[in-house]
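Notes follow once the structure below has been shown.
Residue numbers (our numbering): 4 to 125.
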């Protein structure tokens with residue numbers, strides 16, 4: 004007999020949302036080296052049960068995904084962009100910042116933002 008999928012408890016969904024919110028803030032402010040356990044502590048989430056984020060990459064992907072979902076819901080971002088697409092773009096931007104000129108990096112940031120935003124009818 005196939006297993007019946009369990010619904011996720013509402014407190015688990017709230018904890019996940021809180022983790023993603025804090026992760027986005029921490030990654031933006033302190034960089035990507037912050038440990039998931041430190042983010043969970045800052046979010047006030049007590050580890051119990053299964054951790055939905057196995058490592059920093061999973062947590063970062065989840066945070067980017069939450070931001071993309073929010074932008075898609077409010078109509079400001081495209082709906083056909085995956086979190087890993089954004090992470091690859093960010094990697095390219097980091098490379099250009101280290102190996103290109105400041106002007107080139109600014110142009111590339113503008114191109115990436117244009118690529119992610121939903122074009123509104125004029």
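For each residue, glycine too, the CB sits at the ideal point set by N, CA and C. Please read all numbers here as calculations on a predicted model, not as lab measurements.
inquiry  = Once DSSP output is grouped into helix, strand and coil, what is the label at residue 82?
reply    = coil
message = As a quick exercise: from 71, 79 and 78, pick the residue whose alpha carbon is nearest that of residue 88.
response = 71
ask   = Which of the three DSSP states, helix, strand or coil, is assigned to residue 120?
value = Note: residue 120 maps to strand in three-state DSSP.
ask   = When the Cα of residue 93 is compared with those of 16, 109, 22 and 48, which residue comes out closest?
value = Comparing Cα positions, the closest option is 109.
query = If you draw a straight line from the alpha carbon of residue 35 to that of residue 63, how long is it in whole angstroms?
reply = 8 Å
query = Taking the alpha-carbon positions, what's the residue 79 to residue 116 distance?
reply = 11 Å
query = Would you call the CB atoms of residue 46 and residue 22 closer than 7 Å?
reply = yes
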